[in-house]
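So the structure is just underneath, and the comments pick up after that.
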Amino acid sequence: MLVDYHIHLEGRYEKERVGKYIEIGLRRGVKEFGIAEHIHRFKESKDIPDRIIERFGRNQDTVFMREWWGRHCTRRIEEYVEFVQTLKDDGYPVKLGCELDFLPDVPVQNFIGDWPWDFITGSVHWIEGWGFDHLNRKSTWEGRDIDLAYRKYFNLVKDAAESGLFDVIGHIDVIKVFGHYPIGEWSSWVDDALVMIAEKKMSVEVNTAGLRKPVGEMYPSKSILKRCRELEIQVTLSSDAHRPEDVGHRFDEALLLLQEAGYDSLTGYSRRKPVQLSFRDSYREK
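FYI, in our numbering the residues of the sequence shown are 5 to 290.
In structure tokens form, the structure reads like this:
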């Protein structure tokens, strides 16, 4: 059984639009659709950038973060939860999820609350207020210490896992989005994060969005995925779709990568409880 556990609803919350996501996904063999709205879409998160400015100071990165975040937080969590619950009640094969940014000194557990989440994905998109993966801001990498950026990034991933707040760690090596790599050895930083993920019994997502980005590679890389298997870390599958046409995107390639790494099942979730789903006989259309 195939799942897509990282789908974003851009624009209005409309059943017709969700139907388009599901229609395309079903053609590609996806049977379960994990809706995972970004935390920055919610009005309840509007003060997060101010906390980051308090921690790291006012600079080009943190000012951009506040302006960008402020443009996007237009919904309330309750509105989102009620919409997805209505989809469920109407028989749509969806799961209620959320993608939470892990940020220092931000009590992200407050956003989890008592809502009936099926899964919570923890991701790192910001390093000290620097939005390193914004496609229209590649120039912000100029002059950066790439080794330091990688070390800080994977330290944050490790801290996210150590927090125990999440079910899934999202796009674990998204720091490579523009194809920048450290000069020095960096596998130990990755391994520290993976060991913590294994200890906390979280899943890692195999995310095909990287194939649509400048790096042209899935998250995670084959070597990282093999290390996940060695550590007996469970995996789920995702497209990180922001458009209907991206649902289930290049999942055939993802399944081949998973099989090469030694996996024969995916992890799904229901009310934050993991369920193992075999994908060996899954029908899939390119």
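We put the beta carbon where it would ideally sit given N, CA and C, even for glycine.
In the DSSP output, what is residue i paired with across the bridge?
i: E264; result: According to DSSP, E264 bridges with nothing at all.
i: S274; result: K277
i: F46; result: R79
i: S269; result: S282
i: V98; result: F37
Pick helix, strand or coil for residue i, following the three-state DSSP scheme.
i: W1; result: The requested residue 1 does not occur in the structure, where the chain is confined to residues 5 to 290.
i: H10; result: strand
i: E289; result: Bear in mind that a pLDDT of 47 at E289, under 50, signals an unreliable position, so the model cannot answer this.
i: P248; result: helix
i: V22; result: helix
i: V279; result: strand
i: F182; result: coil
i: G38; result: strand
i: L235; result: coil
i: S243; result: coil
i: M5; result: coil
i: R31; result: helix
i: Y17; result: coil
i: E257; result: helix
i: E189; result: coil
i: D93; result: helix
What residue from the options has the CA that sits closest to residue i's CA?
i: D8; options: D256, A265, G266; result: D256
i: V112; options: P218, H12, D51; result: D51
i: E41; options: P97, R79, A258, D54; result: R79
i: V208; options: R75, K217, L215, M222; result: M222
i: R254; options: G220, L281, S269; result: G220
i: L270; options: V194, E236, D151, H138; result: E236
i: N92; options: M200, G23, P278; result: Going by the sequence as given, residue 92 is Lys instead of Asn. Closest option to K92, Cα to Cα, is G23.
i: V98; options: L160, G188, K35; result: K35
i: Y17; options: H10, E83, L6, C77; result: E83
i: L72; options: R155, E166, P186, H138; result: A small correction: the amino acid at residue 72 is Trp; Leu does not occupy that position in the sequence shown. Closest by alpha carbon: H138.
i: I150; options: P120, V181, A164; result: V181
i: L104; options: A164, F60, P120, D250; result: A164
i: G135; options: F115, D118, V85, L107; result: L107
i: N211; options: G15, D94, H246, K19; result: H246
i: S282; options: R275, Y267, S274; result: Y267
i: E166; options: V199, I116, G183, Y154; result: V199
Is the region 230-241 close to the region 54-71, with three or more CB pairs under 8 Å?
-> No, the region 230-241 is not in contact with the region 54-71.
Every unbroken beta strand (DSSP E) inside the region 193-227 [3 residues or more] | Taking only runs of at least 3 residues, the beta strand (DSSP E) segments lying wholly in the region 193-227 are 207-211.
Inside the region 100-172 only - beta strand (DSSP E) runs reaching at least 3 residues | Complete beta strand (DSSP E) runs here, min 3: 123-127.
Hey, which unbroken runs of the alpha helix (DSSP H) at 4 residues or more fall wholly within the region 49-80?
-> Correct list: 52-60, 64-76.
If you pair each beta-carbon of the region 117-129 with each one of the region 162-172, do three or more pairs fall below 8 Å?
-> Result yes; three or more Cβ-Cβ pairs closer than 8 Å.
Mind the definition here: the region 139-159 touches the region 200-214 only if three or more C-beta pairs lie below 8 Å; say whether that holds.
-> As far as the Cβ criterion goes, the region 139-159 does not touch the region 200-214, which means the pair count is below three.
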